[in-house]
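**Q**
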Amino acid sequence: MTQEPSSARPKNEYTAEHIQILGGREAVRRRPGMYIGSTDQRGLHHLVYEIVYNSVDEAMAGCCTRIEITIQPDNSVRVEDNGRGIPVDIHPTTKVSALETVMTTLHAGAKFGGKIYQVSGGLHGVGASVVNALSSWLRVNIRRDGRLYEQSYERGIPKDKVAAVGEASDIGTTITFLADSEIFDRISYNFDTLCERLREVAYLNKGLEICLRDEGRDCQKTFYFEGGITSLVRHLNRNREVRHRPPIYISRTLDSTIIEGALQYNDGFTETIFSFANCVNTADGGSHLTGFRSALTRVLNDYARKNKFIKEDEPNLTGDDVREGLTAVISVKLAEPQFEGQTKAKLGNAEVKSMVESAVSDGLALYLEEHPNEAKRIIDKCLTAAKAREAARKA
Numbered sequence: 055m056t057q058e059p060s061s062a063r064p065k066n067e068y069t070a071e072h073i074q075i076l077g078g079r080e081a082v083r084r085r086p087g088m089y090i091g092s093t094d095q096r097g098l099h100h101l102v103y104e105i106v107y108n109s110v111d112e113a114m115a116g117c118c119t120r121i122e123i124t125i126q127p128d129n130s131v132r133v134e135d136n137g138r139g140i141p142v143d144i145h146p147t148t149k150v151s152a153l154e155t156v157m158t159t160l161h162a163g164a165k166f167g168g169k170i171y172q173v174s175g176g177l178h179g180v181g182a183s184v185v186n187a188l189s190s191w192l193r194v195n196i197r198r199d200g201r202l203y204e205q206s207y208e209r210g211i212p213k214d215k216v217a218a219v220g221e222a223s224d225i226g227t228t229i230t231f232l233a234d235s236e237i238f239d240r241i242s243y244n245f246d247t248l249c250e251r252l253r254e255v256a257y258l259n260k261g262l263e264i265c266l267r268d269e270g271r272d273c274q275k276t277f278y279f280e281g282g283i284t285s286l287v288r289h290l291n292r293n294r295e296v297r298h299r300p301p302i303y304i305s306r307t308l309d310s311t312i313i314e315g316a317l318q319y320n321d322g323f324t325e326t327i328f329s330f331a332n333c334v335n336t337a338d339g340g341s342h343l344t345g346f347r348s349a350l351t352r353v354l355n356d357y358a359r360k361n362k363f364i365k366e367d368e369p370n371l372t373g374d375d376v377r378e379g380l381t382a383v384i385s386v387k388l389a390e391p392q393f394e395g396q397t398k399a400k401l402g403n404a405e406v407k408s409m410v411e412s413a414v415s416d417g418l419a420l421y422l423e424e425h426p427n428e429a430k431r432i433i434d435k436c437l438t439a440a441k442a443r444e445a446a447r448k449a
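Numbers in this note's numbering are just positions in the sequence shown, counted from 1, shifted up by 54.
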């Protein structure tokens, strides 16, 4: 007797109803590590950095000169700037205020069109909305057009609409948030760790003042560096005997990509090179660092041969030779950075290599021609490294 097929579904059947669709807020709260790396203290600090990056975008656009970050006694964090203030008028697509759109929608912001911000930092442009989704509460105050606007959120959901709550004599944005204890292991900020990152940001944006204070511990630090990355190189070499003063500074803009380099040789034997892309420390380097190293090796060899420091029958200086005792910072700011890895550890834009190589080649070659005494001291340092390397090989 044949058995009729059963109409009942097997227990493990996979159908359309099993497909979950998560909105932006739900996706962030379900998988926070995808957006901020982790839910430990490192991820907690990332919330602060993401809001600060929004203010830094204003600074890079020439519209902000001061950012204040305050850790309050209840471990909420307030970030205030004197930028233009996030717009509060109705967005044509979302039909809610531009402020609410920015604070609740992933990949929403002025940085994507390239008209307001030529370059920007932040975690793939999702910063403000991610911080909002991962906070138990968040409040935004906007000072714009002579009025003070406010909107509050709970775990990324608006409590009310944007409302004018008073008058304002200046302009800017203030965002205050309390990280959600349902998401993070422990709500506790490390003042020194935050200082280290904010100091970097100040070095990378000359003329920008950044103030960090912890009201619970009554401590405060302010960072302001008129010399930008040149000041950073001086700081890194502060306890070393240097071969030339001041550091060599190179700056050029190519196809809207801003390239800055600062370098100085010392009498040490190690290289210290930091690379940045859109104010983010690229610890694993990338195309900008490759371009810098390539230009450095070629230009120093060309100069050494042209001026008879290296004879025709002698080999070129190697990359290791020209980087011994070098302290350098390379910073690029570009419209569409491609970072390899969620933590932005390496810059992947292939076109940046040739841009940096061109800028550094021209700038360094000009410096060597105009400063022959300093050039000789640099070449002598490289030749000494080459001789030591060859002696070690023969030993």
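No residue lacks a Cβ here, since even glycine has one placed at the ideal position from N, Cα and C.
Just to confirm my understanding: we take residue 139, look at its own chain, exclude 5 residues before and 5 after, and list those with CB closer than 7 angstroms. What are they?
**A** Only 196, 197, 198, 225, 226, 227 meet the Cβ criterion.
**Q** In chain order, which alpha helix (DSSP H) runs of at least 4 residues are fully inside the region 200-271?
**A** Entirely contained in the region 200-271, the alpha helix (DSSP H) runs reaching 4 residues are, in chain order, 245-258.
**Q** Going along the chain, which unbroken runs of the beta strand (DSSP E) with 3 or more residues stay wholly within the region 291-332?
**A** For the region 291-332, whole beta strand (DSSP E) runs of length 3 or above, ordered along the chain, are 302-308, 311-319, 326-331.
**Q** Taking the alpha-carbon of residue 277 as reference, which of 271, 261, 269 has the nearest alpha-carbon?
**A** Of the candidates 271, 261, 269, the one whose C-alpha sits nearest the C-alpha of residue 277 is 261.
**Q** Specify whether the region 365-381 and the region 308-328 touch according to this definition: at least 3 beta carbon pairs, one from each stretch, less than 8 angstroms apart.
**A** In short, these stretches touch, since the Cβ pair count reaches three.
**Q** Nearest by alpha-carbon distance to residue 238: which of 96, 157, 342 is it?
**A** Ranking the options by Cα distance to residue 238, first place goes to 96.
**Q** Applying the criterion that 16 or more other CB atoms from any shown protein chain within 10 Å of the CB defines a buried residue, is residue 436 buried or exposed?
**A** So residue 436 ends up on the buried side.
**Q** Going by CA-CA distance only, name the one from 259, 94, 90 that's closest to residue 103.
**A** The residue with the shortest Cα to Cα distance from residue 103 is 90.
**Q** Would you report the Cα separation of residue 200 and residue 115, rounded to the nearest angstrom?
**A** Their backbone Cα atoms lie some 22 angstroms apart in a straight line.
**Q** Find the nearest neighbour of residue 430 within the set 108, 122, 248, 359, judged by alpha-carbon distance.
**A** Comparing Cα-Cα distances from residue 430 to each of 108, 122, 248, 359, the minimum goes to 359.
**Q** State yes or no: is the C-beta of residue 194 within less than 8 angstroms of the C-beta of residue 153?
**A** Taking 8 angstroms as the Cβ cut-off, residue 194 and residue 153 qualify as a contacting pair.
**Q** I'd like to check one pair, residue 269 with residue 125: are the Cβ atoms closer than 8 angstroms?
**A** In this structure, residue 269 lies closer than 8 angstroms to residue 125 by Cβ.
**Q** Taking the beta strand (DSSP E) that residue 135 belongs to, which residues open and close that run?
**A** Counting along the chain, the beta strand (DSSP E) containing residue 135 begins and ends at 131-135.
**Q** Quick test of your reading: residue 338 and residue 400, contact by CB under 8 angstroms. State the CB separation rounded to the nearest angstrom.
**A** About 4 angstroms; that satisfies the 8 angstroms criterion.
**Q** Helix, strand or coil: how does DSSP classify residue 372 here?
**A** Looking at residue 372 - three-state DSSP - the assignment turns out to be coil, as it is neither helix nor strand.
**Q** Report the residue from 370, 425, 389, 433 whose alpha carbon sits nearest the alpha carbon of residue 444.
**A** Residue 370 is the option with its Cα nearest to residue 444.
**Q** Do residue 130 and residue 142 have their beta-carbon atoms positioned less than 8 angstroms apart in this structure?
**A** Not in contact: residue 142 and residue 130 (Cβ atoms no closer than 8 angstroms).
**Q** Confirm, please, whether the CB-CB distance from residue 110 to residue 249 is below 8 angstroms.
**A** No, Cβ-Cβ distance for residue 249 and residue 110 is not below 8 angstroms.
**Q** Could you have a look at residue 433 and say whether DSSP puts it in helix, strand or coil?
**A** The answer is helix: DSSP assigns residue 433 an H, G or I state.
**Q** Quick check: what's the CA-CA separation for residue 98 versus residue 148?
**A** Each residue's alpha carbon lies about 30 angstroms from the other.
**Q** Alpha carbon to alpha carbon, what distance is there between residue 229 and residue 105?
**A** Distance between the alpha carbons of residue 105 and residue 229 is about 8 angstroms.
**Q** Tell me whether the beta-carbon of residue 311 lies closer than 8 angstroms to the beta-carbon of residue 157.
**A** Not a contact, by the Cβ cut-off of 8 angstroms.
**Q** Helix or strand or just coil, what does DSSP make of residue 351?
**A** Helix.
**Q** Just how far apart, CA to CA, sit residue 291 and residue 280?
**A** So the alpha carbons of these two residues sit roughly 18 angstroms apart.
**Q** In the DSSP assignment, the beta strand (DSSP E) including residue 122 goes from what residue to what residue?
**A** From DSSP, the beta strand (DSSP E) with residue 122 extends over 120-125.
**Q** CA-CA distance, residue 451 and residue 306?
**A** The first residue shown for the chain is 55 and the last is 449, placing residue 451 beyond what the model contains.
**Q** With a threshold of 16 other CB atoms inside 10 Å of the CB of residue 446, please say whether the residue is buried or exposed.
**A** That one is exposed.
**Q** Quick one: give me the first and last residue of the beta strand (DSSP E) that residue 189 is part of.
**A** Counting along the chain, the beta strand (DSSP E) containing residue 189 begins and ends at 189-198.
**Q** Once you ignore the five residues that flank residue 355 on each side, which residues in its own chain have a CB closer than 6 angstroms to its CB?
**A** Taken in chain order, the residues that qualify are 370, 371.
**Q** Within the same chain, show all residues whose beta-carbon is closer than 7 angstroms to that of residue 81, passing over the 5 residues directly before and after it, in chain order.
**A** The answer is none, since no qualifying residue turns up.
**Q** State the DSSP-derived secondary structure class of residue 400, mapped to helix, strand or coil.
**A** In this structure, residue 400 counts as strand in the three-state DSSP scheme.
**Q** Confirm, please, whether the CB-CB distance from residue 304 to residue 386 is below 8 angstroms.
**A** The answer is no: Cβ separation not under 8 angstroms.
**Q** Going by DSSP, what residue range makes up the beta strand (DSSP E) through residue 386?
**A** 380-387 is the extent of the beta strand (DSSP E) around residue 386.
**Q** Could you give the distance in angstroms between the alpha-carbon of residue 350 and the alpha-carbon of residue 343?
**A** So the two alpha carbons sit approximately 11 angstroms from each other.
**Q** Pick helix, strand or coil for residue 140, following the three-state DSSP scheme.
**A** Looking at residue 140 - three-state DSSP - the assignment turns out to be coil, as it is neither helix nor strand.
**Q** Have a look at 362, 388, 404, 263 and flag the residue whose alpha-carbon is nearest the alpha-carbon of residue 340.
**A** Closest option to residue 340, Cα to Cα, is 404.
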